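Written out below as C-alpha coordinates is the structure these notes cover.
Residue numbers (our numbering): 17 to 270.
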(Lines of atoms letter the chains of each structure in order from A and count residues from 1; the text may use other names and numbers.)
(Lines give C-alpha, C1' and ligand atoms only; values in the text may rest on other atoms or scores of the structure.)
Protein backbone atom coordinates (compact mmCIF):
# COMPACT_ATOMS: atom_id res chain seq x y z
CA UNK A 1 0.00 0.00 0.00
CA UNK A 2 2.87 2.40 0.79
CA UNK A 3 4.39 1.72 -2.62
CA UNK A 4 1.06 2.35 -4.35
CA UNK A 5 0.63 5.67 -2.57
CA UNK A 6 4.17 6.71 -3.46
CA UNK A 7 3.61 6.09 -7.16
CA UNK A 8 0.39 8.10 -7.26
CA UNK A 9 2.07 10.99 -5.44
CA UNK A 10 4.90 10.88 -7.96
CA UNK A 11 2.38 11.14 -10.78
CA UNK A 12 0.70 14.12 -9.17
CA UNK A 13 3.66 16.48 -9.16
CA UNK A 14 6.24 14.78 -6.98
CA UNK A 15 9.48 16.33 -8.15
CA UNK A 16 10.48 20.01 -7.85
CA UNK A 17 13.08 21.83 -9.93
CA UNK A 18 14.45 25.06 -8.50
CA UNK A 19 15.30 26.52 -11.89
CA UNK A 20 18.24 28.61 -10.75
CA UNK A 21 21.64 27.01 -10.98
CA UNK A 22 21.18 23.24 -11.21
CA UNK A 23 19.57 22.44 -7.84
CA UNK A 24 16.38 20.44 -7.27
CA UNK A 25 14.28 19.17 -4.37
CA UNK A 26 11.40 16.77 -3.68
CA UNK A 27 7.77 17.77 -3.21
CA UNK A 28 4.70 15.91 -2.04
CA UNK A 29 1.22 17.24 -2.92
CA UNK A 30 -1.95 16.16 -1.15
CA UNK A 31 -4.32 13.52 -2.46
CA UNK A 32 -7.62 15.41 -2.91
CA UNK A 33 -10.98 13.87 -3.64
CA UNK A 34 -10.94 12.91 -7.34
CA UNK A 35 -13.17 15.25 -9.33
CA UNK A 36 -12.77 15.40 -13.09
CA UNK A 37 -13.21 18.83 -14.62
CA UNK A 38 -13.25 20.38 -18.07
CA UNK A 39 -10.35 22.61 -19.04
CA UNK A 40 -9.92 24.76 -22.13
CA UNK A 41 -6.57 26.40 -22.90
CA UNK A 42 -6.16 29.45 -25.09
CA UNK A 43 -2.42 29.89 -25.56
CA UNK A 44 -0.87 32.99 -27.08
CA UNK A 45 2.65 34.37 -27.04
CA UNK A 46 3.52 37.72 -25.54
CA UNK A 47 6.93 39.37 -25.12
CA UNK A 48 8.61 38.51 -21.83
CA UNK A 49 9.79 41.38 -19.60
CA UNK A 50 13.32 40.00 -19.64
CA UNK A 51 16.44 41.87 -18.74
CA UNK A 52 18.39 40.21 -21.54
CA UNK A 53 17.96 39.21 -25.15
CA UNK A 54 18.47 35.55 -24.20
CA UNK A 55 15.02 35.28 -22.63
CA UNK A 56 12.48 33.67 -24.93
CA UNK A 57 8.87 34.74 -25.24
CA UNK A 58 6.69 33.47 -22.42
CA UNK A 59 3.38 31.79 -23.30
CA UNK A 60 0.45 33.69 -21.80
CA UNK A 61 -2.40 31.45 -20.71
CA UNK A 62 -6.05 32.06 -20.11
CA UNK A 63 -8.30 29.22 -19.09
CA UNK A 64 -11.99 28.57 -18.58
CA UNK A 65 -12.01 25.89 -15.93
CA UNK A 66 -12.86 24.50 -12.58
CA UNK A 67 -9.70 23.83 -10.54
CA UNK A 68 -7.80 20.79 -11.81
CA UNK A 69 -7.45 18.39 -8.89
CA UNK A 70 -6.98 15.01 -10.54
CA UNK A 71 -4.24 13.58 -12.68
CA UNK A 72 -4.88 11.12 -15.50
CA UNK A 73 -3.03 7.84 -15.91
CA UNK A 74 0.02 8.09 -18.19
CA UNK A 75 -0.82 4.69 -19.71
CA UNK A 76 -4.13 4.17 -21.50
CA UNK A 77 -6.34 1.54 -19.90
CA UNK A 78 -4.23 1.24 -16.74
CA UNK A 79 -5.69 2.88 -13.65
CA UNK A 80 -3.62 5.14 -11.40
CA UNK A 81 -4.23 2.67 -8.59
CA UNK A 82 -2.49 -0.08 -10.61
CA UNK A 83 0.66 1.83 -11.53
CA UNK A 84 2.57 0.68 -8.45
CA UNK A 85 2.34 -2.86 -9.83
CA UNK A 86 4.36 -1.94 -12.93
CA UNK A 87 6.89 0.51 -11.48
CA UNK A 88 10.30 -0.85 -12.49
CA UNK A 89 12.40 1.95 -11.00
CA UNK A 90 11.49 4.53 -8.41
CA UNK A 91 12.48 8.10 -7.64
CA UNK A 92 16.03 8.74 -6.34
CA UNK A 93 16.65 12.42 -5.52
CA UNK A 94 19.78 13.96 -7.04
CA UNK A 95 22.55 15.29 -4.84
CA UNK A 96 22.71 19.10 -4.42
CA UNK A 97 23.97 20.81 -7.59
CA UNK A 98 24.12 17.46 -9.38
CA UNK A 99 22.07 15.86 -12.12
CA UNK A 100 22.49 12.32 -10.85
CA UNK A 101 20.09 9.95 -9.13
CA UNK A 102 16.87 9.04 -10.91
CA UNK A 103 14.51 12.06 -10.71
CA UNK A 104 11.59 10.15 -12.21
CA UNK A 105 9.70 6.89 -12.10
CA UNK A 106 9.90 4.16 -14.73
CA UNK A 107 6.81 2.16 -15.68
CA UNK A 108 7.24 -1.16 -17.48
CA UNK A 109 5.70 -4.59 -17.97
CA UNK A 110 6.17 -7.62 -20.21
CA UNK A 111 2.55 -8.65 -19.73
CA UNK A 112 -0.06 -7.04 -17.49
CA UNK A 113 -3.61 -8.31 -17.09
CA UNK A 114 -4.94 -8.66 -20.65
CA UNK A 115 -2.13 -6.53 -22.15
CA UNK A 116 0.39 -8.66 -24.09
CA UNK A 117 3.26 -6.16 -24.32
CA UNK A 118 4.46 -2.71 -23.25
CA UNK A 119 5.81 -1.93 -26.74
CA UNK A 120 3.47 0.45 -28.54
CA UNK A 121 1.16 0.94 -25.55
CA UNK A 122 -0.52 4.38 -25.76
CA UNK A 123 1.03 7.05 -23.52
CA UNK A 124 -1.27 9.79 -22.21
CA UNK A 125 -0.70 13.25 -20.76
CA UNK A 126 -1.25 13.19 -17.00
CA UNK A 127 -2.28 16.88 -16.96
CA UNK A 128 -3.68 19.39 -19.45
CA UNK A 129 -1.04 21.72 -20.81
CA UNK A 130 0.95 22.93 -23.79
CA UNK A 131 3.74 21.04 -25.52
CA UNK A 132 6.98 22.80 -24.61
CA UNK A 133 9.42 20.62 -26.54
CA UNK A 134 9.51 17.47 -28.68
CA UNK A 135 12.72 15.41 -28.69
CA UNK A 136 13.35 13.09 -31.63
CA UNK A 137 15.79 10.17 -31.33
CA UNK A 138 18.34 11.88 -29.11
CA UNK A 139 20.40 10.56 -26.20
CA UNK A 140 19.48 9.91 -23.43
CA UNK A 141 15.68 10.15 -23.82
CA UNK A 142 15.27 8.92 -27.39
CA UNK A 143 11.85 10.13 -28.51
CA UNK A 144 10.24 12.28 -25.84
CA UNK A 145 7.70 15.02 -25.11
CA UNK A 146 7.88 17.80 -22.51
CA UNK A 147 4.51 19.31 -21.52
CA UNK A 148 4.08 22.47 -19.46
CA UNK A 149 1.14 23.12 -17.14
CA UNK A 150 1.00 26.53 -15.39
CA UNK A 151 0.56 26.21 -11.65
CA UNK A 152 -2.28 28.72 -11.77
CA UNK A 153 -4.55 26.19 -13.52
CA UNK A 154 -4.14 23.73 -10.66
CA UNK A 155 -6.39 23.83 -7.63
CA UNK A 156 -5.45 26.25 -4.87
CA UNK A 157 -5.25 23.29 -2.50
CA UNK A 158 -2.61 21.61 -4.63
CA UNK A 159 -0.53 24.73 -5.15
CA UNK A 160 -0.60 25.76 -1.49
CA UNK A 161 0.69 22.31 -0.52
CA UNK A 162 3.70 22.39 -2.85
CA UNK A 163 6.79 23.05 -0.69
CA UNK A 164 8.52 25.14 -3.35
CA UNK A 165 11.67 26.53 -1.73
CA UNK A 166 12.60 30.19 -1.68
CA UNK A 167 14.83 31.11 -4.59
CA UNK A 168 18.54 31.05 -3.77
CA UNK A 169 19.96 34.62 -3.61
CA UNK A 170 22.13 35.46 -6.61
CA UNK A 171 25.14 36.20 -4.42
CA UNK A 172 24.97 32.64 -3.10
CA UNK A 173 24.58 31.18 -6.58
CA UNK A 174 27.73 33.00 -7.66
CA UNK A 175 29.71 31.03 -5.05
CA UNK A 176 28.80 27.66 -6.59
CA UNK A 177 28.26 27.55 -10.34
CA UNK A 178 28.54 23.90 -11.42
CA UNK A 179 27.23 24.59 -14.92
CA UNK A 180 30.11 27.00 -15.58
CA UNK A 181 32.68 24.23 -15.12
CA UNK A 182 30.75 21.56 -17.02
CA UNK A 183 32.06 21.17 -20.61
CA UNK A 184 28.56 20.16 -21.74
CA UNK A 185 27.47 23.78 -21.20
CA UNK A 186 30.59 25.44 -22.64
CA UNK A 187 28.99 26.57 -25.91
CA UNK A 188 25.53 27.35 -24.55
CA UNK A 189 24.25 30.90 -24.07
CA UNK A 190 23.01 31.41 -20.50
CA UNK A 191 19.26 31.92 -20.27
CA UNK A 192 17.75 34.30 -17.74
CA UNK A 193 14.09 34.16 -16.82
CA UNK A 194 11.55 35.68 -14.50
CA UNK A 195 10.64 33.14 -11.86
CA UNK A 196 7.59 35.03 -10.56
CA UNK A 197 5.30 32.62 -12.46
CA UNK A 198 5.83 28.90 -12.28
CA UNK A 199 4.75 25.81 -14.20
CA UNK A 200 5.07 22.08 -13.82
CA UNK A 201 6.96 20.40 -16.67
CA UNK A 202 6.26 16.70 -17.29
CA UNK A 203 8.64 14.63 -19.43
CA UNK A 204 7.54 11.44 -21.19
CA UNK A 205 10.63 9.65 -22.53
CA UNK A 206 11.79 6.57 -24.51
CA UNK A 207 8.73 6.70 -26.77
CA UNK A 208 8.51 4.25 -29.66
CA UNK A 209 8.36 6.79 -32.49
CA UNK A 210 8.46 10.52 -33.13
CA UNK A 211 5.59 11.95 -31.04
CA UNK A 212 2.45 13.01 -32.95
CA UNK A 213 2.44 16.45 -31.30
CA UNK A 214 4.43 19.63 -31.92
CA UNK A 215 5.75 22.42 -29.71
CA UNK A 216 2.89 24.81 -28.98
CA UNK A 217 0.14 22.19 -29.25
CA UNK A 218 -2.45 22.23 -26.47
CA UNK A 219 -3.16 18.82 -24.94
CA UNK A 220 -5.85 17.61 -22.57
CA UNK A 221 -5.60 15.34 -19.57
CA UNK A 222 -5.68 11.77 -20.87
CA UNK A 223 -4.84 12.70 -24.47
CA UNK A 224 -2.57 10.21 -26.26
CA UNK A 225 0.82 11.84 -26.95
CA UNK A 226 2.82 8.83 -28.11
CA UNK A 227 3.50 5.14 -27.55
CA UNK A 228 5.79 3.36 -25.10
CA UNK A 229 9.09 2.24 -26.59
CA UNK A 230 12.77 1.57 -26.00
CA UNK A 231 14.55 4.52 -27.66
CA UNK A 232 17.50 6.42 -26.23
CA UNK A 233 19.46 5.16 -23.23
CA UNK A 234 17.09 2.32 -22.42
CA UNK A 235 17.73 -1.38 -21.80
CA UNK A 236 14.10 -2.43 -22.25
CA UNK A 237 10.78 -0.88 -23.17
CA UNK A 238 9.42 1.44 -20.48
CA UNK A 239 7.99 4.90 -19.86
CA UNK A 240 10.27 7.37 -18.08
CA UNK A 241 7.94 9.84 -16.35
CA UNK A 242 9.53 12.92 -14.79
CA UNK A 243 7.94 16.09 -13.37
CA UNK A 244 9.65 19.29 -12.26
CA UNK A 245 8.52 22.77 -11.28
CA UNK A 246 10.27 25.85 -12.64
CA UNK A 247 9.73 29.28 -14.24
CA UNK A 248 6.73 29.43 -16.58
CA UNK A 249 7.42 29.69 -20.29
CA UNK A 250 10.99 28.40 -20.03
CA UNK A 251 12.54 27.46 -23.36
CA UNK A 252 15.13 24.69 -23.32
CA UNK A 253 16.30 24.93 -26.91
CA UNK A 254 17.28 21.92 -29.00
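Idealized CB from N, CA, C, for every residue including glycine.
Bear in mind that the values here come from a model prediction, so they are computed numbers and not experimental data.
Counted within 10 angstroms of its Cβ, other Cβ atoms place residue i as buried (16 or more) or exposed
i	result
residue 182	exposed
residue 283	There is no way to answer for residue 283, as the model of the chain reaches only from 17 to 270.
residue 148	buried
residue 132	exposed
residue 145	buried
residue 85	buried
residue 229	buried
residue 45	Note that residue 45 scores a pLDDT of 39, beneath 50, so its modelled location is shaky and nothing firm can be said.
residue 107	buried
residue 130	exposed
residue 58	Any reading at residue 58 must be qualified, since the residue scores a pLDDT of 44, below 50, and its modelled position is unreliable; the value itself is stated next. Residue 58 comes out exposed.
residue 89	buried
residue 185	exposed
residue 313	Nothing about residue 313 can be read from this structure; the chain reaches only from 17 to 270.
residue 97	exposed
residue 169	buried
residue 191	exposed
residue 200	exposed
residue 282	An answer regarding residue 282 cannot be provided, because it is not within the stretch 17 to 270 covered by the chain.
Whole-Å CB distance - residue i paired with residue j, under 8 Å assumed
i	j	result
residue 166	residue 212	Going by Cβ atoms, the distance from residue 166 to residue 212 rounds to 12 Å, so no, they are not a contact pair.
residue 124	residue 104	4 Å
residue 92	residue 138	4 Å
residue 143	residue 87	6 Å
residue 256	residue 120	5 Å
residue 235	residue 241	6 Å
residue 223	residue 135	Contact flag wrong, Cβ pair sits at about 11 Å.
residue 231	residue 150	6 Å
residue 122	residue 254	5 Å
residue 128	residue 249	Actually they do not touch by this definition, with Cβ atoms about 24 Å apart.
Span of the alpha helix (DSSP H) around residue i
i	result
residue 189	186–189
Residue i: first and last residue of the uninterrupted beta strand (DSSP E) it sits in
i	result
residue 259	255–263
residue 214	214–223
residue 243	240–243
Start-end ranges of the alpha helix (DSSP H) lying completely within the stretch 100–180, minimum 4 residues: 172–177
Three-pair Cβ contact test at 8 Å for the stretch 234–247 versus the stretch 146–161: yes
Using 8 Å as the cut-off, can you tell me whether the stretch 253–269 makes contact with the stretch 215–231, which would need three or more C-beta pairs spanning the two stretches below that distance? yes
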